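Participant: Please find one structure pasted underneath; my questions will follow.
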Amino acid sequence: EVIVGKKLTYSWRYDGYEGNSFVTWELFAEGDKTRLKLTHEGLETFPMNNPDFAKQNFATGWMQITGTTLKEFVEDQSKIVL
231 EVIVGKKLTY SWRYDGYEGN SFVTWELFAE GDKTRLKLTH EGLETFPMNN
281 PDFAKQNFAT GWMQITGTTL KEFVEDQSKI VL
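Residue numbers in the sequence shown follow the working numbering, run continuously in steps of one, and reach 312 at the last position.
So, in structure tokens, the structure goes:
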């Protein structure tokens with residue numbers, strides 16, 4: 231699902247494993263800033279007996295992406311190619 235400038239939802243799977251989840255990125259204007267809301271639903275569909283699929287691992291990964299990697303990318307305009 232795509233709502234231009236507001237929302238992107240896509241499926242998240244792992245080859246060789248059962249399960250299918252959905253990741254949603256939503257943008258909200260707040261004054262001169264933009265708030266990002268990231269939701270990852272369906273984690274319970276992945277194998278529960280595999281520690282790689284623990285909820286905390288996903289939370290840690292998304293915090294790294296949204297809190298560090300994405301911030302660095304957006305702030306370094308030289309990395310953005312149009």
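Here a beta-carbon is modelled for each residue, glycine too, at the ideal position from N, C-alpha and C.
No experiment lies behind these values; they were computed from the predicted model shown.
Assess contact between the region 291 to 302 and the region 271 to 283, defined as three or more Cβ pairs (one per stretch) separated by less than 8 Å. Is contact present?
Facilitator: no
Participant: May I ask you to report which of helix, strand or coil DSSP gives Ala-259?
Facilitator: strand
Participant: Express the C-alpha separation of Ser-241 and Thr-254 in angstroms, rounding to a whole number.
Facilitator: In a straight line, the C-alpha of Thr-254 is about 9 Å away from that of Ser-241.
Participant: At what residues does the beta strand (DSSP E) containing Thr-239 begin and finish?
Facilitator: For Thr-239, the enclosing beta strand (DSSP E) begins and ends at 237 to 242.
Participant: Which value, in whole angstroms, describes the spacing of the CA atoms of Phe-258 and Leu-268?
Facilitator: 11 Å
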